[in-house]
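Visitor: Chains as they are written, first to last, in the numbering used here: chain A, 3 to 139; chain B, 3 to 139; chain C, 3 to 139. For reference, the structure I am asking about is given below.
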Amino acid sequence: MAIPSDLQLLADREAIKELTAKYARCVVTGDGRGVGALYSEDGRFAAGRFDYVGRKNIQDFLESQTTPGKNMPLVTDHIIEIDGDEATCYSIMFTPWFKGKHPGFCGAYSDLLRKIEGEWYFVERSFQFFEGRPEDS
Amino acid sequence: MAIPSDLQLLADREAIKELTAKYARCVVTGDGRGVGALYSEDGRFAAGRFDYVGRKNIQDFLESQTTPGKNMPLVTDHIIEIDGDEATCYSIMFTPWFKGKHPGFCGAYSDLLRKIEGEWYFVERSFQFFEGRPEDS
Amino acid sequence: MAIPSDLQLLADREAIKELTAKYARCVVTGDGRGVGALYSEDGRFAAGRFDYVGRKNIQDFLESQTTPGKNMPLVTDHIIEIDGDEATCYSIMFTPWFKGKHPGFCGAYSDLLRKIEGEWYFVERSFQFFEGRPEDS
Chain A
3 MAIPSDLQLL ADREAIKELT AKYARCVVTG DGRGVGALYS EDGRFAAGRF
53 DYVGRKNIQD FLESQTTPGK NMPLVTDHII EIDGDEATCY SIMFTPWFKG
103 KHPGFCGAYS DLLRKIEGEW YFVERSFQFF EGRPEDS
Chain B
3 MAIPSDLQLL ADREAIKELT AKYARCVVTG DGRGVGALYS EDGRFAAGRF
53 DYVGRKNIQD FLESQTTPGK NMPLVTDHII EIDGDEATCY SIMFTPWFKG
103 KHPGFCGAYS DLLRKIEGEW YFVERSFQFF EGRPEDS
Chain C
3 MAIPSDLQLL ADREAIKELT AKYARCVVTG DGRGVGALYS EDGRFAAGRF
53 DYVGRKNIQD FLESQTTPGK NMPLVTDHII EIDGDEATCY SIMFTPWFKG
103 KHPGFCGAYS DLLRKIEGEW YFVERSFQFF EGRPEDS
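Spelled out as structure tokens, the structure:
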């Protein structure tokens, strides 16, 4: 493994990791519109039977789905590849509880990202379940 | 999300993340005084009914509380904001076991930090429980 | 905690963290030879009763052991010390499931690493179990 010693690249990697952390914080605090705001205008969210395109559609969906403490995403194992203003990020996510039930579920996010006017956004988040599965997914 | 491409800022972010990791290692290895040493002299630790102020008081408390393998903090989802020698850090923590019982508990740390003579310390760690709750907290 | 504001050092830290993430991804996708390829030619993997030396031996062992979704390593709490082309990394790992059973196990990796022709490799990964224990380890 090598990472180029490039200051902008390192800052971009940090921004992308923190974007996934902000996603987690919005999820656990129940801020569904805040989760959606991390997507680009043309962003897409896909997990199980859910598949939404467009920031506003994602926000409308997540606003009703996201409640405080429903799940608490532990996001780990980021693998980031950056090419200018586009990037991919792989991460493993486990929520130990889901709707108060333990264990929740575990899977991986495959993300596409874009830097728009200096800020990174999710263009696509696609979640693959490993174990555990919410009944409504 | 943007992170300025500033070398000192990136180094500070790394130092703050590693501070939370050192905290976790001291906890899991049972080094309570080591945990406390990561606080500033005037630091404060607050979690549930516990609330201690002052490095020495925190160390005295944690020395008796912290035993090897009692809990194993998985610290994720860092969100860091730095303003000169002061910073905040949000992180989600899950310990899969607590005192040998599974599952342990999950919550979030809200930290205040200060850089003193080039080293970052916790000025305040405040933990909010999401799920699971040690009976003695 | 302080981290020197040195560009190469920060890039090396990122590379080492991502190496542990690539390890996790190879494990969860069932790519045992890919896991082994992250070791140096003279690398060593030690966990419980397992102890393998040499990349090819590690690959041969892991190829038979590693199947998709068998475990899903959440790697957190990295503590990295770099000295030129050598480094150590401590991390805590929890797999919420192991062979479909929940909970899996939790422990810590103590890694030695070396930079060879610009790329970081594991020279030694030694895993210490905290809780949970696969029956075949």
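All residues carry an ideal CB built from backbone N, CA and C; glycine is no exception.
With three or more C-beta pairs closer than 8 Å as the rule, is the region 61 to 68 of chain B touching the region 79 to 95 of chain B?
Guide: No contact exists between the region 79 to 95 of chain B and the region 61 to 68 of chain B.
Visitor: What in chain C is Cβ-close to A17(B), meaning under 7 Å?
Guide: Neighbours of A17(B) on chain C, chain order: M3, A4 and I5.
Visitor: Using a Cβ-Cβ distance under 9 Å, would E137(B) count as near chain A?
Guide: Output row for E137(B): interface = no.
Visitor: Any contact between the region 68 to 77 of chain A and the region 26 to 43 of chain A? By contact I mean 3 or more CB pairs, one from each, below 8 Å.
Guide: The region 68 to 77 of chain A vs the region 26 to 43 of chain A: in contact.
Visitor: Let me check one thing: in DSSP terms, what residues is M95(A) bridge-paired to?
Guide: DSSP, once it has assigned bridges, lists V77(A) and G109(A) as partnering M95(A).
Visitor: Going along the chain, which residues of the region 70 to 98 of chain B sit with their C-beta nearer than 7 Å to a C-beta in chain A?
Guide: Listed in sequence order: L76, T78, D79, H80, I81, Y92, I94 and F96.
Visitor: Given 8 Å as the limit, is there contact between the region 14 to 27 of chain C and the region 99 to 109 of chain C, that is, 3 or more CB pairs closer than that?
Guide: Contact fails: fewer than three Cβ-Cβ distances are below 8 Å.
Visitor: So what does DSSP say about I5(B), is it helix, strand or coil?
Guide: It is coil, neither helix nor strand.
Visitor: For a test of the three-state rule: what should DSSP assign to T69(B), helix, strand or coil?
Guide: Residue state, collapsed to three classes: coil.
Visitor: Buried or exposed for I118(A), going by 16 or more other Cβ atoms inside 10 Å?
Guide: When all chains shown are included, I118(A) counts as exposed.
Visitor: To the nearest angstrom, report how far apart P105(C) and T22(C) are at their CA atoms.
Guide: If I take the Cα positions, the gap works out to 21 Å.
Visitor: Decide if R135(A) is buried, meaning its Cβ has at least 16 other Cβ atoms within 10 Å, or exposed.
Guide: So R135(A) ends up on the exposed side.
Visitor: Could you tell me whether the Cβ atoms of W99(A) and F131(B) are closer together than 9 Å?
Guide: Going by C-beta atoms, W99(A) is not nearer than 9 Å to F131(B).
Visitor: In whole angstroms, what separates the C-alpha of G38(B) from that of D8(C)?
Guide: Rounded to whole angstroms, G38(B) to D8(C) spans 28 Å at the Cα level.
Visitor: In this structure, what does DSSP give as the bridge partners for S128(A)?
Guide: Answer is A48(A) and S112(A), bridged to S128(A).
Visitor: Hey, out of F96(C), K72(C), E83(C) and I84(C), whose CA is closest to G102(C)'s CA?
Guide: Of F96(C), K72(C), E83(C) and I84(C), the residue nearest in Cα terms is K72(C).
Visitor: Tell me the DSSP secondary structure of D14(A) in three-state form.
Guide: Of the three classes helix, strand and coil, the one that applies to D14(A) here is helix, per DSSP.
Visitor: Does the beta-carbon of E126(C) have 16 or more other beta-carbons within 10 angstroms, so that it is buried, or is it exposed?
Guide: E126(C) comes out buried.
Visitor: Taking just the CA atoms, how far does F96(A) sit from F129(C)?
Guide: For F129(C) and F96(A), the distance between alpha carbons rounds to 21 Å.
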